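Counting from 73, one number per residue, gives the positions in the sequence shown under my numbering.
A virtual CB, placed ideally from N, CA and C, is assigned to each residue, including glycine.
The structure presented is a predicted model; accordingly, all values stated were derived computationally and were not measured.
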Amino acid sequence: MMYFRIFGYLILLSFLYFFRQDWVLLLTIVVLIALFDFIVSNLKAGAVFFTILSFLVFSIILLVLKSFGLIPQDFIPFVLTAVVFLSFITGFRLGNSERFLFFDADLPEYRGCVRILDASALMDGRIYQVIETGFLDGTVMVPRFVIHQIEKIYKTGSDLKKQRAKMALELVDRLKNFKNIKFVLCELDLAKERDIDHKLIALAKKFKAKVVTNDYSLNRIASINDISVLNINDLANALKPMALPGEIIRITPIKKGKEEGQAVGYLVDGTMVVVNDGEDSIGHEVDVFITNVLQSSAGKIIFGNKKTLQ
């Protein structure tokens, strides 16, 4: 593509030279056109629109002032330079403003059922299994600033965090291969002056999206801003098998309980089981007859009596 542009500039230069043999002027014109082409090609659609609109508005103001003789003829080149400069500045600021960001070219193609992943969700890793099993579909979006956040953790974090960050970056590449979701790496940054949490909230508002996170602080901020949150820990707790009084489960107690004779063990999903009169069974597999199930802030706790294996 670059070669075609250079070829086009050479043709334009030759064509202009045919009418006026002034190499300095012609080279200046071609350089300005090339500079304009480079700037416009790197601007978003909204910024291009507002740049052109600003140039037209400033040009009309300039013509009005010139018609009343308020601008000396010698100052016209300087004023024109200022008009071009102000047009680019105004167009860039308005085109990248959250208020005026309404051009489809600036936004990902798909808006329905958008889920935005934050760093905690990616570094947790379980979101991969959730998507793989088909429980999450629609559009899965990862903002570029979240990638930068994870990369920073990878460079400056502890060894454990570095491992998590590396896994998260690999996970982003793997998400691109799923057929049941549309993966979007979003380049938008709608709250450049604020922290990561507020950037995510601004993005979620723009796309009417849900935020997937394990972060308590982000969860609270999202709730205040009426943004739906999908918490992976809540999902994991909800999917734990339901244990009811009267049922029998099999565990291996691993330590003493708070009360005399009690022993404590854990199910595969991490649920704590308190076994009455189970202290002598620590380290041995036993059947437990469930007598009570309590739901606390720390999670679910199952109480039961030891039943001797046959």
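Residue i and residue j look like a contact to me (Cβ under 8 angstroms); what is the Cβ gap, rounded to whole Å?
i, j, result
"D349", "N377", "7 angstroms"
"I222", "A193", "About 11 angstroms separates the two Cβ atoms, so there is no contact after all."
"V360", "V347", "5 angstroms"
"L275", "P215", "6 angstroms"
"C258", "M213", "5 angstroms"
Could you say which of the options lies nearest to residue i if we only look at CA atoms?
i, options, result
"T211", "K234, K277, A281 and I304", "A281"
"V202", "G141, L307, L290 and F127", "L307"
"L290", "I225, L339, G141 and L272", "L272"
"R322", "A237, A310 and T343", "T343"
"I362", "E331, I296, E332 and V345", "V345"
"V283", "E204, E332, I132 and V218", "V218"
"I296", "H270, I143 and I304", "H270"
"T285", "K277, K278 and A294", "A294"
"E204", "K251, L316 and L311", "K251"
"D196", "K233, R187, H220 and M213", "K233"
"Y200", "F375, Y338, V244 and K330", "V244"
"I354", "I143, D341, V336 and K254", "V336"
"K312", "R246, E319, V340 and L262", "V340"
"G371", "A310, G333, V358 and K379", "A310"
"N305", "D298, I253 and D287", "D287"
"I188", "K327, Y338, I299 and Q367", "I299"
"Q220", "L260, I253, N249 and K248", "Looking at the sequence provided, one finds His at residue 220 rather than Gln. Ranking the options by Cα distance to H220, first place goes to L260."
Which of the three DSSP states, helix, strand or coil, is assigned to residue i?
i, result
"F140", "coil"
"G371", "strand"
"V340", "coil"
"T211", "strand"
"I323", "strand"
"P180", "Low confidence applies to P180: its pLDDT is 48, below 50, so where it sits in the model is not reliable, and the reading given next is rough at best. Three-state DSSP puts P180 in coil, outside helix and strand."
"I299", "coil"
"N364", "strand"
"D190", "coil"
"R171", "Any reading at R171 must be qualified, since the residue scores a pLDDT of 47, below 50, and its modelled position is unreliable; the value itself is stated next. Coil."
"I304", "helix"
"K254", "strand"
"A276", "helix"
"N348", "strand"
"D287", "coil"
"A335", "strand"
"D269", "helix"
"D261", "coil"
"K234", "helix"
"N249", "coil"
"K227", "helix"
"K378", "strand"
Buried or exposed for residue i, please, with buried defined as at least 16 other CB atoms from any protein chain shown within 10 angstroms of its CB.
i, result
"F207", "exposed"
"V136", "exposed"
"T228", "exposed"
"P317", "exposed"
"V256", "buried"
"S126", "buried"
"E331", "exposed"
"M314", "exposed"
"R236", "buried"
"F130", "buried"
"I374", "buried"
"F279", "buried"
"D190", "buried"
"R246", "exposed"
"G141", "exposed"
"P325", "buried"
"I133", "exposed"
"R198", "exposed"
"G329", "buried"
"I124", "exposed"
"L262", "buried"
Flag residue i as yes if its beta-carbon sits less than 9 angstroms from any beta-carbon of chain D, otherwise no.
i, result
"R198", "Among the chains in the structure shown there is no chain D, since it carries only a single protein chain."
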